[in-house]
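What follows is a short report on a single structure.
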Amino acid sequence: MGMKSGRDRVARLWLVSSVALALLGCVSSDSADTDSVPLKTLAQQRGILLGSLYETDRRTDAYDKVFETQFNAMTVGTFLGDGSHPGPYEHDFTEMDAKVAWGLDRGMELSAQSLVWFEEHPDWLKSPNLNIESIMNDRIDTAVGRYKGKITAWNVVNEAVDADGTLRQGHVWVNAMGNDYIRKAFVRAHEADPNAVLYYNEFDIESNLAKYEGTKALLLDLIGKGAPVHALGWQLHVTPTSFDAATLLARMNEIADLGFDNYITELDVELPADAGEADYEQQKQTYKRIVQTFLAARRHKTLVIWGVHDGDPDWLPNGHPTLFNENFEKKPAYFGVQEALVGQ
Numbered sequence: 002m003g004m005k006s007g008r009d010r011v012a013r014l015w016l017v018s019s020v021a022l023a024l025l026g027c028v029s030s031d032s033a034d035t036d037s038v039p040l041k042t043l044a045q046q047r048g049i050l051l052g053s054l055y056e057t058d059r060r061t062d063a064y065d066k067v068f069e070t071q072f073n074a075m076t077v078g079t080f081l082g083d084g085s086h087p088g089p090y091e092h093d094f095t096e097m098d099a100k101v102a103w104g105l106d107r108g109m110e111l112s113a114q115s116l117v118w119f120e121e122h123p124d125w126l127k128s129p130n131l132n133i134e135s136i137m138n139d140r141i142d143t144a145v146g147r148y149k150g151k152i153t154a155w156n157v158v159n160e161a162v163d164a165d166g167t168l169r170q171g172h173v174w175v176n177a178m179g180n181d182y183i184r185k186a187f188v189r190a191h192e193a194d195p196n197a198v199l200y201y202n203e204f205d206i207e208s209n210l211a212k213y214e215g216t217k218a219l220l221l222d223l224i225g226k227g228a229p230v231h232a233l234g235w236q237l238h239v240t241p242t243s244f245d246a247a248t249l250l251a252r253m254n255e256i257a258d259l260g261f262d263n264y265i266t267e268l269d270v271e272l273p274a275d276a277g278e279a280d281y282e283q284q285k286q287t288y289k290r291i292v293q294t295f296l297a298a299r300r301h302k303t304l305v306i307w308g309v310h311d312g313d314p315d316w317l318p319n320g321h322p323t324l325f326n327e328n329f330e331k332k333p334a335y336f337g338v339q340e341a342l343v344g345q
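In our numbering, the protein residues as written are 2 to 345.
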């Protein structure tokens with residue numbers, strides 16, 4: 002698909018990690034020291050990067066320590082409604098700059114989302130007589146251009162396919178430009194950074210056949226029109242019983258065979274609020290199956306856990322969805338990922 006910069010960095014990280022681990026004598030999957038090896042190191046041994054969403058308002062010393070110890074990929078959010086875009090053609094990258102600098106200082110691979118999304122629009126975008134296409138172009142040019150060579154992968158268009166497989170209608174972007182807003186966004190992002198990996202991001206495509214087929218049709222249509230789309234981002238917001246591993250593998254391989262890389266961009270496993278020991282064991286096995294499936298799929302790249310620890314008030318606050326509890330202690334889910342990475 003022509004995007005070598007991000008992929009070359011992954012390869013370099015994998016090579017450096019493998020050499021270092023060999024020298025340390027801790028490469029074996031049955032090593033007694035496995036528990037002390039960070040997940041990011043185990044992931045690099047398997048040729049992938051492991052990351053999480055980095056949230057400035059969640060930061061503590063413990064948060065940063067877990068993040069830099071366990072992850073080598075970092076998703077930074079930039080949304081129209083998060084304050085970084087206070088008005089038409091106005092930008093405030095203070096928080097984004099700090100997150101990017103923090104990640105780069107720690108040698109992380111950075112991705113960002115989302116450039117164009119049908120939700121979370123600021124009030125000013127609803128004003129009449131705005132040139133919506135010009136605003137979209139300015140947002141893409143400014144954000145992607147500012148972080149050219151720093152952020153290596155972008156979620157260009159987020160969740161454009163509805164549950165029935167048709168393209169979403171009735172939102173600001175499609176009202177102004179028709180469905181062609183999607184193609185235009187990818188073209189514009191590629192012009193701003195020709196070396197960035199550009200992906201389309203979607204949820205429920207592991208379980209909803211109509212939505213998966215609609216997403217696949219969208220990707221093929223974009224490529225047919227010459228749009229620079231390089232990967233599919235899989236949002237796997239699942240429960241222990243909401244997906245089938247064999248179906249997920251078949252769909253990922255089909256996407257790979259069509260010429261697209263596979264990224265897991267938003268992985269979490271939700272549990273009941275009153276989760277008990279059996280629920281946490283189910284969650285562990287679900288994380289394990291997903292990582293195993295991803296590693297078995299063709300053209301697998303980066304896997305991102307959607308959140309560092311449980312209890313985030315803004316995302317599944319009572320769903321216990323991540324690898325660490327509220328006190329940053331490793332949950333059974335952590336060891337499920339670990340077991341999948343070492344091949345147990």
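The C-beta atom is built at its ideal place from N, Cα and C for all residues, glycine as well.
Keep in mind it's a predicted model, so treat the numbers as computed, not measured.
Practice task
Return the residue from the list F94, G88, R107, R147 that minimises the CA-CA distance to S128.
Solution key: G88
Exercise for the section: Identify whether A232 lies in helix, strand or coil by the three-state DSSP scheme. Expected result: strand
Handout entry: Y288 beta carbon less than 7 Å from that of G234
Key = no
Practice task
Could you check if S30 is buried or exposed, using at least 16 other CB atoms within 10 Å of its CB as the buried criterion?
Solution key: Here the model assigns S30 a pLDDT of 42, short of 50, so the residue's position is not dependable, and the following value carries that caveat. Label assigned to S30: exposed.
Handout entry: Spatial distance of V28 from L43 (CA atoms)
Key = In this predicted model, V28 has a pLDDT of only 40, less than 50, meaning its place in the structure is not dependable; the value taken from the coordinates is given anyway. V28 and L43: Cα-Cα distance of roughly 8 Å.
Handout entry: Element boundaries [alpha helix (DSSP H), containing Q339]
Key = 333 to 343
Exercise for the section: Could you check what DSSP says for L324 in three-state terms: helix, strand or coil? Expected result: coil
Exercise for the section: Please determine if the stretch 43 to 63 and the stretch 308 to 320 are in contact, where contact requires at least 3 C-beta pairs separated by less than 8 Å. Expected result: yes
Practice task
Flag this pair as touching only if the stretch 145 to 153 and the stretch 107 to 114 have three or more C-beta atom pairs under 8 Å; answer yes or no.
Solution key: yes
Exercise for the section: Output the distance between the C-alpha atoms of D275 and P322, rounded to the nearest integer angstrom. Expected result: 13 Å
Problem - Residue of I141, K151, L272, G82 minimising C-alpha distance to E120 - result: G82
Exercise for the section: Output the residue ranges of the alpha helix (DSSP H) runs that lie fully inside the stretch 270 to 305 and measure 4 residues or longer, sorted by chain position. Expected result: 278 to 297
Exercise for the section: Starting from the C-beta of A246, find all residues in its chain whose C-beta is less than 6 Å away, skip the five residues before and the five after it, and write them out in chain order. Expected result: R290, T294
Handout entry: Host beta strand (DSSP E) of N159 (start-end)
Key = 152 to 159
Exercise for the section: Could you tell me which uninterrupted alpha helix (DSSP H) segments, each at least 4 residues in length, are contained entirely in the stretch 116 to 150, listed from first to last along the chain? Expected result: 133 to 147
Handout entry: Cβ separation of G166 and A197, assumed to be a contact under 8 Å, to the nearest whole Å
Key = Actually they are not in contact, since the Cβ atoms of G166 and A197 sit about 28 Å apart, beyond 8 Å.
Handout entry: Under the three-state DSSP convention, the category M109 falls into
Key = coil
Handout entry: Secondary structure of E207, DSSP reduced to three states
Key = coil
Practice task
Use the C-beta contact count for N328: other C-beta atoms within 10 angstroms, 16 or more gives buried, fewer gives exposed.
Solution key: exposed
Exercise for the section: Under the assumption that Y281 contacts K332 (Cβ atoms under 8 Å), give the Cβ distance between them as a whole number of angstroms. Expected result: 6 Å
Practice task
With V173 as the anchor, note down where its alpha helix (DSSP H) starts and where it stops.
Solution key: 173 to 178
Handout entry: Rounded separation between G260 and I224 - CA only
Key = 10 Å
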